[in-house]
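All residue numbers for the first sequence refer to this note's numbering, where the first residue is 366 and numbers rise by one.
Below is one structure, written out as structure tokens; the observations come after it.
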Amino acid sequence: MATFQSLPGFREFYPDDLSRRKHIFDLWRRTAHAFGFAEYDAPVLEPLELYKAKSGDEIEAQLFSFTDKGGREVALRPEMTPTVCRLVGARASALKRPIKWFSIAEFYRYERMQKGRGRCFFQFNADIFGEPGPEAEIELIALLTQCLAAFGLTEQDFHVRLSDRNLWFYYLEALGLDEPRIRAVLGAVDRFEKYGDDAFKGYTEQFGELEAGVKAKVLAFLQIKTLAALEATLATLGSEKLVARLADWRKLLAGLEAMGLARFIAVDLGVVRGLAYYTGFVFEAFDRKGELRALAGGGRYDDLVEKLGGPALPAVGFAIGDMTFALLLEQRGLMPAFVQAPDVYCVIGGEAGRRAAFADIHALRAAGHRVDYPMKEVAFGKQFKAAADSGAKLALIYGDDELAKGVVKIRDLTDRTEHEVPRDQAVAAVRDFFSAG
RNA sequence: GCGGUCAUAGCUCAGUUGGUUAGAGCACAAGAUUGUGAAUCUUGGGGUCGCGGGUUCGAGUCCCGUUGGCCGCCCCA
Numbered sequence: 366m367a368t369f370q371s372l373p374g375f376r377e378f379y380p381d382d383l384s385r386r387k388h389i390f391d392l393w394r395r396t397a398h399a400f401g402f403a404e405y406d407a408p409v410l411e412p413l414e415l416y417k418a419k420s421g422d423e424i425e426a427q428l429f430s431f432t433d434k435g436g437r438e439v440a441l442r443p444e445m446t447p448t449v450c451r452l453v454g455a456r457a458s459a460l461k462r463p464i465k466w467f468s469i470a471e472f473y474r475y476e477r478m479q480k481g482r483g484r485c486f487f488q489f490n491a492d493i494f495g496e497p498g499p500e501a502e503i504e505l506i507a508l509l510t511q512c513l514a515a516f517g518l519t520e521q522d523f524h525v526r527l528s529d530r531n532l533w534f535y536y537l538e539a540l541g542l543d544e545p546r547i548r549a550v551l552g553a554v555d556r557f558e559k560y561g562d563d564a565f566k567g568y569t570e571q572f573g574e575l576e577a578g579v580k581a582k583v584l585a586f587l588q589i590k591t592l593a594a595l596e597a598t599l600a601t602l603g604s605e606k607l608v609a610r611l612a613d614w615r616k617l618l619a620g621l622e623a624m625g626l627a628r629f630i631a632v633d634l635g636v637v638r639g640l641a642y643y644t645g646f647v648f649e650a651f652d653r654k655g656e657l658r659a660l661a662g663g664g665r666y667d668d669l670v671e672k673l674g675g676p677a678l679p680a681v682g683f684a685i686g687d688m689t690f691a692l693l694l695e696q697r698g699l700m701p702a703f704v705q706a707p708d709v710y711c712v713i714g715g716e717a718g719r720r721a722a723f724a725d726i727h728a729l730r731a732a733g734h735r736v737d738y739p740m741k742e743v744a745f746g747k748q749f750k751a752a753a754d755s756g757a758k759l760a761l762i763y764g765d766d767e768l769a770k771g772v773v774k775i776r777d778l779t780d781r782t783e784h785e786v787p788r789d790q791a792v793a794a795v796r797d798f799f800s801a802g
């Protein structure tokens, strides 16, 4: 047993593990580029105050925070949103609109580990700044959907639950609740799925029993699954805000439908996403079976850039975590096992063969081919087995027979055919093979 | 921060009411095999049985503590 182990909740990526992680990141990155998002990165270590300003002092308990040698209070980043708000805010007036950015980065939270949650994890973050209308939500929800569907997941596997904090606010306002009561009701809504009626305990303690008629309307609102039902419920209230908001809903859903994504979208007002800084549409992606924690979450946060010291700038964003997502891919058999295979494996007999091979090996590598060979003298039989095991497409054979004839034997490891080429043409032959394939 | 549960080789695990030198499969390595691929056979390396203490003539096994994993609660940006 090793004397030292990794810190609790931290992960180590052996090559097999890293290949799986890379597969996920590569596809996320390619998808984001396809949607016209630009990649950025930023420091892992940030001033503690950045997170306190966004989330309140209590957040420190959940952070890897400490005082550095210069006496600065710092924290490992637990999320990207405050950082990207700072980056965008600092250059808001110089950046071309719309600002569509993404990142793939590691985050740290001082928390107890659970299935799909550790103390360090990666997130794909995507945000759009400067666009106040639902066009931004269309773009982001489409990106989120494709970031999951790109791996072969279908509407059988996941869906995106769509809700709206504004709609809740206007609705409860129309029902006659004041702001503190609205917040308490939203807190209950957030917990209702898990706790049922007990979710309203907090409200009752604060304000007394919620009036039965209002509560019935809240519970009915939670059951709504379609835009039509939403419109029917809200039409009677005569609130201008609600009318305007419903127009946004129609635009958002129509846009997603036109992209062919309606099958992934579920109108579900049970999603509230904490009570933190969201100011409009909020959405979360879940596995359909409901066995895992959320795959992704996001929403609109129009006030945050300004709150963190930038200009007033509307924003929408979401993040996908790597842990739950990897679990889902494994569950559905969609996580391919990758091996790092060379293009070419050299089979070498004797010192003279080795010298001849080395010249070609280095030339091929310099030309960008992946080339491997046995470091020590090994029986030919084993070398061929090693060549096959390596996953290489070609074997180059440098044995006494070939040297005597001044050739290199090239074996196609896929169809098991072989032919000889003059020594000085071996590099060109390999190049031709791969450029043709 | 709280609760449940587990910890034996790189991995998956066996190990009897406590008994003397802790095992298997897989993986890895060497050989059979210095000219051709998933086979077979032989052999080998690798363990302070998570760590510390206790009970006992004797502890992988029983007791206490501790660390860590997993699962859940709180929280979830």
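For glycine and all other residues, C-beta sits at the position ideal for the given N, C-alpha and C.
Predicted model only: the values in this text are computed from it and were never measured.
- Closest in alpha carbon position to Val636, among Gly664, Leu618, Leu508, is Gly664.
- In the three-state DSSP reduction, Ala706 falls in the coil class, being neither helix nor strand.
- With the rule of 3 Cβ pairs closer than 8 angstroms, the segment 627–634 counts as touching the segment 517–529.
- Taking Lys770 as the centre and dropping the five residues before and after it, the same chain places the C-beta of Glu785 closer than 8 angstroms to its C-beta, in chain order.
- Judged by beta-carbon spacing, Ala717 lies within the 9 angstroms limit of Asp765, meaning their Cβ atoms are closer than that value.
- Only residues of its own chain outside the window of five on either side were considered, and among them Tyr536, Thr598, Leu634 have a CB closer than 7 angstroms to the CB of Phe586, listed in chain order.
- Nearest C-alpha to Phe749 among Arg776, Arg735, Ile726: Arg776.
- By DSSP's assignment, Tyr379 forms no beta bridge with any residue.
- Taking a cut-off of 8 angstroms on C-beta distances, the segment 455–462 does not touch the segment 410–420, as fewer than three cross pairs fall below it.
- Following the DSSP letters along the chain, one finds Asp543 in no alpha helix (DSSP H), marked with neither H nor E.
- A distance of 9 angstroms or more separates the beta carbons of Ala440 and Gly675.
- By the Cβ test, the segment 499–515 is not in contact with the segment 697–707, since fewer than three Cβ pairs between them sit closer than 8 angstroms.
- Ranked by how close their Cα comes to the Cα of Val647, the residues Arg638, Arg653, Gly374 have Arg638 in first place.
- Closest by C-alpha distance to Lys654, out of Ala619, Arg615, Arg697, Gly645, is Arg697.
- For Ile685 and Pro373, the gap between their C-alpha atoms comes out near 23 angstroms.
- A straight-line Cα-Cα distance of about 27 angstroms links Ala753 and Asp391.
- Judged by DSSP secondary structure, Lys419 falls outside any beta strand (DSSP E) and instead within the alpha helix (DSSP H) spanning 413–420.
- Looking only at Ser430, Ala501, Lys434, Pro447, the smallest Cα-Cα distance to Glu476 is reached by Ser430.
- Here Pro447 is buried, its C-beta having at least 16 other C-beta atoms within 10 Å.
- Note on geometry: alpha-carbon atoms of Ala728 and Gln521 lie some 50 angstroms from one another.
- DSSP, read as helix, strand or coil, puts Pro447 in helix.
- If you draw a straight line from the Cα of Ala564 to the Cα of Ala549, it comes to about 10 angstroms.
- Rounded to whole angstroms, Gly714 and Phe798 show a C-alpha spacing of 24 angstroms.
- For a cut-off of 8 angstroms, the C-beta gap from Tyr738 to Ala722 is around 6 angstroms, short enough to register as a contact.
- By the neighbour-count criterion, in which a residue is buried when 16 or more other Cβ atoms sit within 10 angstroms of its Cβ, Pro499 is buried.
- By the Cβ neighbour-count rule, Phe487 is buried, with 16 or more other Cβ atoms within 10 Å of its own.
- For the pair Glu767 and Lys758, the CB atoms are not nearer than the 9 angstroms cut-off.
- Taking one beta carbon from each stretch, the segment 396–404 and the segment 466–475 have 3 or more pairs nearer than 8 angstroms; the two touch.
- Taking the Cβ atoms as the reference, Asn490 lies roughly 7 angstroms from Val449, within the contact range of under 8 angstroms.
- Within the segment 711–769, complete beta strand (DSSP E) segments of at least 3 residues are found at 759–763, given in chain order.
- The beta carbons of Cys512 and Thr396 sit about 5 angstroms from each other, so the pair counts as a contact at 8 angstroms.
- Going by DSSP, Asp492 is part of no alpha helix (DSSP H) but of the beta strand (DSSP E) stretching over 485–494.
- Trp466 is bridged by DSSP to Ala403, Asp492.
- Counting only the Cα atoms, Met740 lies some 59 angstroms from Lys559.
- Taking C-alpha positions only, Arg719 is separated from Lys387 by approximately 34 angstroms.
- Here Met445 is buried. Its C-beta has 16 or more other C-beta atoms within 10 Å.
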